[in-house]
Amino acid sequence: MSLYSAGVEYGIHCLAFLVGSGGDSREASVRDLAELQGVPLDYLAKIFTKLAKGKLVESTGGVRGGFTLARPADEITLLDIVNAIDGRKNIFECREIRGRCALFDGSPPDWALEGTCSIHAAMMTAQKRMEEALAQQTILDIARKVGRKAPAGFNSQVEDWIQDRREKKTGGASIPLTDISD
Numbered sequence: 730m731s732l733y734s735a736g737v738e739y740g741i742h743c744l745a746f747l748v749g750s751g752g753d754s755r756e757a758s759v760r761d762l763a764e765l766q767g768v769p770l771d772y773l774a775k776i777f778t779k780l781a782k783g784k785l786v787e788s789t790g791g792v793r794g795g796f797t798l799a800r801p802a803d804e805i806t807l808l809d810i811v812n813a814i815d816g817r818k819n820i821f822e823c824r825e826i827r828g829r830c831a832l833f834d835g836s837p838p839d840w841a842l843e844g845t846c847s848i849h850a851a852m853m854t855a856q857k858r859m860e861e862a863l864a865q866q867t868i869l870d871i872a873r874k875v876g877r878k879a880p881a882g883f884n885s886q887v888e889d890w891i892q893d894r895r896e897k898k899t900g901g902a903s904i905p906l907t908d909i910s911d
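Going by the numbering used here, the sequence shown opens with residue 730, and the numbers climb by one from there.
So, in structure tokens, the structure goes:
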């Protein structure tokens with residue numbers, strides 16, 4: 730069982746596709762993002778509702794509307810995304826087993842329960858470090874890593890793909906999209 734839902738992965742991927750060159754925001758619909766990545770539209774729509782409530786994305790109106798980043802990509806951390814989609818989760822729930830030892834015959838001595846459980850403390854330290862690591866990575870960092878890994882033409886293919894769908898919605902003129910490579 731994983732700690733975070735598949736929605737966190739979907740959300741991070743989607744937000745990375747909303748990052749344009751220099752960290753600016755690009756617009757895309759949830760339908761297009763779902764189709765682009767092969768993920769369920771209904772589920773992704775629920776994820777974007779959470780991202781909007783978390784003030785990470787904002788909707789744009791009109792026939793060609795969709796979503797853009799609500800703030801600069803270098804200010805949206807992976808921890809922000811995780812918390813918006815899955816909420817704040819503890820990775821460990823201490824059940825105070827330390828007081829259940831059979832040798833205590835139902836009455837644990839004070840020393841056994843004194844202070845914080847050392848196992849609980851170790852798990853909370855691990856959680857803190859994990860959250861710190863997620864807070865240090867922004868969606869801009871992720872988008873740039875993907876941009877560097879992908880072949881040179883991939884970013885323009887994605888832009889053309891999104892643009893083609895936008896144009897089909899109104900048959901209108903092209904709105905240029907930008908490259909995320911660094």
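Quick reminder that beta carbons are idealized off the backbone N, C-alpha and C, glycines included.
{"Asked": "As assigned by DSSP and simplified to three states, the class of Glu787", "Found": "strand"}
{"Asked": "Of the listed residues Thr797, Val792, Gly752, Glu843, nearest to Gly740 (C-alpha basis)", "Found": "Thr797"}
{"Asked": "Per-residue DSSP class, three states only, for Phe777", "Found": "helix"}
{"Asked": "For Val792, the three-state DSSP class (helix, strand or coil)", "Found": "coil"}
{"Asked": "Residues bridged to Val887 [DSSP beta-bridge criterion]", "Found": "Paired residues: none, contrary to the question."}
{"Asked": "Buried versus exposed call for Gly794 [16 or more other C-beta atoms within 10 Å across all chains shown]", "Found": "exposed"}
{"Asked": "Boundaries of the alpha helix (DSSP H) in which Leu807 is found, first to last residue", "Found": "807-815"}
{"Asked": "Straight-line gap, Gln865 to Asp803 (C-alpha atoms, nearest Å)", "Found": "10 Å"}
{"Asked": "For Leu732, the three-state DSSP class (helix, strand or coil)", "Found": "coil"}
{"Asked": "Candidates Glu756, Ala735, Gly752: closest to Ile891 by CA position", "Found": "Glu756"}
{"Asked": "Ranges of the alpha helix (DSSP H) found wholly within the stretch 828-879, counting only runs of at least 4", "Found": "839-842, 847-865, 868-878"}
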